[in-house]
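Structure, as structure tokens:
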Amino acid sequence: MEQTQTSHNGTTAGPGAQRRVLVVEDDQTILDAIATRLRAEGFLVQTASDGPSAVDTAEAWQPDLLILDIMLPGFDGLEVCRRVQAQRPVPVLMLTARDDETDMLVGLGVGADDYMTKPFSMRELAARVHVLLRRVERAALAAATPRSGILRLGELEIDHAQRRVRVRSEDVHLTPTEFDLLVCLANTPRAVLSREQLLAEVWDWADASGTRTVDSHIKALRRKIGAERIRTVHGVGYALETPTP
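Sequential numbering of the sequence shown, starting at 7, is according to my numbering.
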């Protein structure tokens with residue numbers, strides 16, 4: 007494990023402070039390339055090349071974001087994600103060598119916020135890191151100035167203040183990205199939002215190449231709140247279904 011720039015304490019960096027990113031990848035060439043690009047972007051970076059080292063470093067260093075390969079020695083990235091998320095919530099960008107939707111859905115299911123399939127451009131990776139961190143800042147701001155009340159759409163309840171979701175009065179655990187995606191759909195129930203609109207609203211990017219990310223997150227969200235609650239309009243996008251008055 008390479009340790010480079012260290013943080014001054016274990017707290018989350020505030021807006022404007024240098025953000026800490028832990029990069030976990032067993033391919034040294036890819037690891038070095040990611041670390042170099044992120045340092046050039048102004049991030050503090052530490053690296054790990056296997057599962058146990060990744061979990062230990064995350065616990066000791068408390069990064070603001072984790073870039074995590076799925077295939078790792080020791081134990082895989084999915085197990086790393088489970089263990090790190092059990093310590094404390096942290097945004098995770100998952101890397102996978104296979105363009106396999108099952109891998110993507112499993113990764114999202116254990117707490118990853120986004121994923122990229124190799125090979126990828128360092129420019130896009132850096133952009134996604136910035137977007138994930140901006141989303142964390144927005145969530146923190148929303149928590150500090152919460153919207154009042156609970157949005158109820160039939161048996162679905164969305165509590166903006168606590169960022170909690172319930173279905174039939176049972177709590178449903180959503181990742182920050184899934185929560186933001188659900189809120190975006192719920193703001194205009196039954197209205198169809200295109201993939202590009204969802205990318206712009208939830209992910210802050212307008213790159214059409216990211217529409218598969220939307221599709222994967224929708225599938226993960228459906229598994230948690232019920233497939234019947236999100237309608238697909240083929241060739242267009244998605245809509246949140248609500249009970250007929």
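Every residue gets a Cβ at the ideal spot worked out from N, C-alpha and C, and that includes glycine.
Here the structure is a predicted model, which means the values were calculated and not measured.
Pull up the distance between the alpha-carbon of residue i and that of residue j, whole angstroms please.
{"i": "Ser13", "j": "Gly243", "result": "The predicted model places Ser13 with a pLDDT of 37, which falls under 50 and marks its position as unreliable, so this point remains unresolved."}
{"i": "Arg144", "j": "Arg170", "result": "16 Å"}
{"i": "Asp62", "j": "Gln68", "result": "10 Å"}
{"i": "Pro21", "j": "Gly160", "result": "Confidence is the limiting factor: at Pro21 the pLDDT is only 41, short of 50, which leaves the residue's position unreliable and the question unanswerable from this model."}
{"i": "Thr10", "j": "Arg45", "result": "Because the pLDDT of Thr10 is 41, which lies under 50, any placement of that residue in the model is unreliable, and the question is left without a value."}
{"i": "Asp32", "j": "Thr217", "result": "28 Å"}
{"i": "Arg235", "j": "Asp38", "result": "43 Å"}
{"i": "Gln34", "j": "Ala167", "result": "43 Å"}
{"i": "Ala206", "j": "Asp120", "result": "15 Å"}
{"i": "Ser222", "j": "Ala66", "result": "32 Å"}
{"i": "Arg26", "j": "Ala92", "result": "19 Å"}
{"i": "Arg129", "j": "Arg94", "result": "28 Å"}
{"i": "Ser175", "j": "Ala233", "result": "18 Å"}
{"i": "Gly241", "j": "Ala64", "result": "41 Å"}
{"i": "Val252", "j": "Met77", "result": "It is not possible to answer for residue 252, since the shown part of the chain is limited to 7 through 251."}
{"i": "Leu114", "j": "Arg89", "result": "14 Å"}
{"i": "Asn15", "j": "Val239", "result": "The predicted model places Asn15 with a pLDDT of 37, which falls under 50 and marks its position as unreliable, so this point remains unresolved."}
{"i": "Ala60", "j": "Leu139", "result": "20 Å"}
{"i": "Ile164", "j": "Met100", "result": "27 Å"}
So residue i packs on residue j, CB below 8 Å; how close in whole Å?
{"i": "Val29", "j": "Val51", "result": "6 Å"}
{"i": "Arg196", "j": "Leu246", "result": "7 Å"}
{"i": "Leu227", "j": "Leu199", "result": "Going by Cβ atoms, the distance from Leu227 to Leu199 rounds to 13 Å, so no, they are not a contact pair."}
{"i": "Leu71", "j": "Val96", "result": "7 Å"}
{"i": "Gln24", "j": "Gly57", "result": "In fact, because the Cβ distance is near 26 Å, the residues do not count as touching under 8 Å."}
{"i": "Ile73", "j": "Ile36", "result": "Their Cβ separation, rounded to whole angstroms, is 10 Å, which puts Ile73 and Ile36 out of contact at 8 Å."}
{"i": "Val220", "j": "Arg237", "result": "Contact flag wrong, Cβ pair sits at about 14 Å."}
{"i": "Val255", "j": "Trp211", "result": "Not covered by the structure: residue 255. The range shown for the chain is 7 to 251."}
Determine the closest residue to residue i out of the options, with distance taken between C-alpha atoms.
{"i": "Gly83", "options": "Arg89, Asp75, Val90", "result": "Asp75"}
{"i": "Thr123", "options": "Val135, Val142, Thr102, Leu114", "result": "Thr102"}
{"i": "Ala118", "options": "Ala41, Thr183, Arg201", "result": "Thr183"}
{"i": "Arg134", "options": "Arg237, Gln34, Trp209, Arg43", "result": "Trp209"}
{"i": "Leu162", "options": "Ile40, Arg129, Leu99, Ala192", "result": "Ala192"}
{"i": "Arg43", "options": "Val239, Phe126, Pro79", "result": "Phe126"}
{"i": "Thr181", "options": "Trp211, Ile224, Gly80", "result": "Ile224"}
{"i": "Val178", "options": "Lys230, Arg26, Met100, Trp211", "result": "Lys230"}
{"i": "Phe81", "options": "Ala146, Arg94, Val98, Ala54", "result": "Ala54"}
{"i": "Val189", "options": "Ala146, Leu204, His136", "result": "Leu204"}
{"i": "Thr194", "options": "Thr248, Val173, Arg88, Leu147", "result": "Thr248"}
{"i": "Phe185", "options": "Ser175, Arg141, Arg174", "result": "Arg141"}
With respect to the beta strand (DSSP E) encompassing residue i, which residues constitute its N-terminal and C-terminal limits?
{"i": "Thr102", "result": "98 to 102"}
{"i": "Asp177", "result": "176 to 178"}
{"i": "Ala233", "result": "Element bounds for Ala233: n/a, residue is neither H nor E."}
{"i": "Gly160", "result": "Taken as a continuous stretch (DSSP letters only), Gly160 belongs to no beta strand (DSSP E), as it is neither H nor E."}
{"i": "Arg26", "result": "26 to 30"}
{"i": "Gly117", "result": "Taken as a continuous stretch (DSSP letters only), Gly117 belongs to no beta strand (DSSP E), as it is neither H nor E."}
{"i": "Asp75", "result": "71 to 75"}
If you follow the alpha helix (DSSP H) that residue i is in, where does it begin and where does it stop?
{"i": "Asp38", "result": "34 to 46"}
{"i": "Arg2", "result": "Nothing can be reported for residue 2: it is not among the residues displayed for the chain, which extend from 7 to 251."}
{"i": "Ala60", "result": "57 to 67"}
Would you say residue i touches the ligand ATP, meaning its beta carbon is less than 7 Å from a heavy atom?
{"i": "Ala145", "result": "As for the ligand ATP, it is missing from this structure, which has no ligand bound."}
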